[in-house]
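S.K.:
Residue numbers (the working numbering): 17 to 126.
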């Protein structure tokens, strides 16, 4: 894939007359985005279960890095690949270990 065949992302930056209006808009957009994010997370959390929720939380840096690659044509470096593999490998080990303990506990209850 050629570097110039990525998805173009254009950011619209309106012109403002004063710095206070920029600060107000930044605070409002941050609080609205955070509020919607928290509302979505706490709505989904009871349905996910502890293992899936932990896995989702720990995978966020990898998802954000991949979004940067796709949306902003960030390069995939060795550092990104290794760190992503370590994060995902660690979460996989944690999930596997938790599932093993859970299976052992269910077997001992029988």
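We put the beta carbon where it would ideally sit given N, CA and C, even for glycine. Owing to the predicted nature of the structure, the values given are computational and were not obtained by experimental measurement.
How long is the line joining the alpha carbons of residue 85 and residue 79, rounded to whole angstroms?
M.R.: Going from the Cα of residue 85 to the Cα of residue 79 covers about 10 Å.
S.K.: Hey, how far is the Cα of residue 42 from the Cα of residue 102?
M.R.: Rounded to whole angstroms, residue 42 to residue 102 spans 34 Å at the Cα level.
S.K.: For residue 62, report the span of its alpha helix (DSSP H) as first-last.
M.R.: Looking at the DSSP string, the run of the alpha helix (DSSP H) that includes residue 62 is 35-64.
S.K.: When the Cα atoms are used, what is the spatial distance from residue 112 to residue 89?
M.R.: Each residue's alpha carbon lies about 33 Å from the other.
S.K.: Mapping the DSSP letters down to three states, classify residue 93 as helix, strand or coil.
M.R.: In the structure shown, residue 93 sits in coil (DSSP, three-state: anything other than H, G, I, E or B).
S.K.: Suppose you measure from the CA of residue 60 to the CA of residue 95; what does that come to, to the nearest Å?
M.R.: Each residue's alpha carbon lies about 32 Å from the other.
S.K.: If you draw a straight line from the C-alpha of residue 37 to the C-alpha of residue 50, how long is it?
M.R.: Rounded to the nearest angstrom, the two C-alpha atoms are 20 Å apart.
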